[in-house]
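In what follows, a structure is listed as structure tokens, so that the remarks can point back to it.
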Amino acid sequence: MFPPSAGGRTRTLVTGGAGFVGSHLVEHLLAAGDEVVVLDDLSTGSARNLAGVADNPRLEMIHGSILNSKTVAQAMRSCDRVFHLAAAVGVKLIVEQPLRGLRINIHGTENVLTAAIEHKASVLLVSTSEVYGKNTADRLREDSDRVLGDPLLSRWTYAGAKGIDEAFAKAYCDQEGLDVAIVRLFNTVGPRQTGRYGMVLPNLVGQALRGHPLTVFGDGLQTRCFSAVEDVVPAMVRIERDPRARGQAYNLGGAREISILDLAREIIATLDSRSEIELVPYEQAYAAGFEDMRRRVPDNTKAHDLVGYEPTTPLTTTIMRVAADLLSRERLGSDAMPLASAGSFRGVI
């Protein structure tokens, strides 16, 4: 990894820094003493996510898109490293807007990688467990095969685009000497995550708080491993700093496998909600023929061996924190506002 900038502090660019994971990362980096530049177009993020650090003199916020190579180069200037989180996220959003997803996730990522080479910055590329597709392995390792469905189905656009992102990163590492590592996030959850793009936990928590039926797709027996954002973010930073991570990918997921049906039950019990559970066919939310993964469980051994990654936050704790965050946002009136217009976001502050 590269040395700190001339001022002695590490100067870090976080693309997508006003998003869910990005905002938690920004707070973590500022607490560690970094100078932080956030580049975000607020299409799915919110300036309100950074309200707690907006007055920090070591934070610079740039309202712009990674699709604009000049904006990316401006944001990258004097930065020592980049955490690249800006992306069109969520399968639901990608299914509905595949062209937007392809452009942002592929062209935007190449803009970030090429700017990093020019400015001699190291990169942590934040990818997704979706790259594994339909692989039915008991536990998914970083070298597990990618198994995707019909390439003409928009369902697989997100997985395909993020896979290309990883291929770009590895190629730039091998051919151009880019100092880059990759993390694949598995169902990261916590405060500030929105349910607008199909994210299951905030959706179910919001329904439970309102006393509405918790809508579970299919038979609800599909399983996931949810990981708390406060466990994931420090591991991301440690991986980026470790020179052994160069050119490598690392899973960051939860340790507890749970069905979505049991997740709904746990949310109801944790929040003492009177809501019931309603099973809903996938066709009511997605296009006909939508494929969901019956099981997606990470093998976290590689990240554990490198940086000691160990997810420890109980799911019930995360549920309560998400509920408190949703209630707070509703009181502030942000829940009914489009994310891109919530809060004030100056060009540079």
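Just so we're aligned: 155 in the working numbering is position 151 of the sequence shown, and the numbers increase by one with no gaps anywhere. C-beta atoms are modelled at their ideal positions from N, C-alpha and C, and glycine is treated no differently. Since this is a predicted model, take the numbers as computed values, not measurements.
Practice item. For G153, collect the residues of the same chain with a Cβ closer than 8 Å to its Cβ; drop the 5 residues on either side in sequence, then sort them by chain order. Key: Only residues of its own chain outside the window of five on either side were considered, and among them G137, K138, R159, W160, E295 have a CB closer than 8 Å to the CB of G153, listed in chain order.
Point to revise | N-terminal and C-terminal residue of the alpha helix (DSSP H) that V187 is part of | key: That residue, V187, is in no alpha helix (DSSP H); its beta strand (DSSP E) goes 184-189.
Point to revise | Rounded C-alpha distance that separates L34 from H123 | key: Approximately 22 Å, taken between the alpha carbons.
Review point. What is the DSSP secondary structure of R248, counted as helix, strand or coil?
Key: If DSSP states are grouped into helix, strand and coil, R248 belongs with the helices.
Point to revise | Three-state secondary structure assigned by DSSP to C83 | key: In the structure shown, C83 sits in coil (DSSP, three-state: anything other than H, G, I, E or B).
Practice item. Would you mind stating whether R62 and V40 have Cβ atoms separated by less than 8 Å? Key: Taking 8 Å as the Cβ cut-off, R62 and V40 qualify as a contacting pair.
Exercise for review: Count the other CB atoms, across all protein chains shown, that sit within 10 Å of the CB of R15; report buried if there are 16 or more and exposed otherwise.
Suggested key: Buried: at least 16 other Cβ atoms inside 10 Å.
Review point. Is DSSP giving M376 helix, strand or coil here?
Key: Here the chain has residues from 5 to 353 only, and residue 376 is not among them.
Check your understanding: Sorted by chain position, which residues of the same chain lie with C-beta nearer than 8 Å to Q211's C-beta, five sequence neighbours on each side aside?
Key -> Counting only Cβ-Cβ distances below 8 Å, and skipping sequence neighbours, we find P217, L218, T219, S279.
Review point. Is P285 helix, strand or coil when you go by DSSP?
Key: Coil.
Practice item. Assuming V184 and L129 form a contact by the criterion Cβ under 8 Å, report the distance between their Cβ atoms to the nearest whole angstrom. Key: Confirmed, about 6 Å.
**Study point:** Given V204 as reference, the closest of L97, S131, P102, N191 once Cα atoms are compared
**Key:** V204 has its Cα closest to that of N191, out of L97, S131, P102, N191.
Check your understanding: Cα separation between G37 and L256?
Key -> Answer to the nearest angstrom: the Cα atoms are 24 Å apart.
Review point. Who pairs with H67 in a beta bridge, going by DSSP?
Key: BP columns for H67 point to D44.
**Study point:** Nearest neighbour of T316, chosen from V237, R245, L275 [CA to CA]
**Key:** It is V237.
Exercise for review: With DSSP collapsed to three states, give me the class of V193.
Suggested key: Here DSSP, grouped into helix, strand and coil, assigns V193 to strand.
Practice item. Give me the Cα-Cα distance between R196 and D142, rounded to the nearest whole angstrom. Key: So the alpha carbons of these two residues sit roughly 31 Å apart.
Review point. How many Å lie between S148 and R13 at the Cα?
Key: Rounded to the nearest angstrom, the two C-alpha atoms are 38 Å apart.
Practice item. Figure out for me which residue from A58, V187, G215, H111 has the closest Cα to the Cα of A165. Key: Just measuring C-alpha positions, the residue of A58, V187, G215, H111 sitting nearest A165 is H111.
Exercise for review: Could you check which residue in H308, R248, I272 has the C-alpha nearest to that of A259?
Suggested key: Ranked by Cα distance from A259, the options H308, R248, I272 are led by H308.
Point to revise | Proximity winner among Q78, V241, R214, S73, relative to V127 (alpha-carbon distances) | key: Nearest of Q78, V241, R214, S73 to V127, Cα basis: V241.
Point to revise | Simplified DSSP state of A232, which is helix, strand or coil | key: The three-state secondary structure of A232, taken from DSSP, is strand.
Check your understanding: Measuring CA to CA, which of D235, E287, L275 is closest to D223?
Key -> Nearest to D223 by C-alpha distance, out of D235, E287, L275, is E287.
Check your understanding: Under the rule that 16 or more other beta-carbon atoms within 10 Å means buried, what is G26, buried or exposed?
Key -> G26 should be labelled buried.
Check your understanding: Do you know how far the Cα of T118 is from the Cα of R335?
Key -> Just so you know, the alpha carbons of R335 and T118 end up roughly 43 Å apart.
**Study point:** Identified DSSP bridge partners for H88
**Key:** Answer is T19, L129.
Review point. Count the other CB atoms within 10 Å of the CB of R386; is the residue buried (16 or more) or exposed (fewer)?
Key: Only positions 5 to 353 of the chain appear in the structure, and residue 386 is not among them; the question remains open.
Practice item. Return the chain-ordered ranges of every beta strand (DSSP E) run that is complete within the region 91-156 and spans a minimum of 3 residues. Key: Listed in chain order, the complete beta strand (DSSP E) runs (minimum 3 residues) inside the region 91-156 are 126-132.
Point to revise | Span of the alpha helix (DSSP H) around L267 | key: Its alpha helix (DSSP H) spans residues 264-274.
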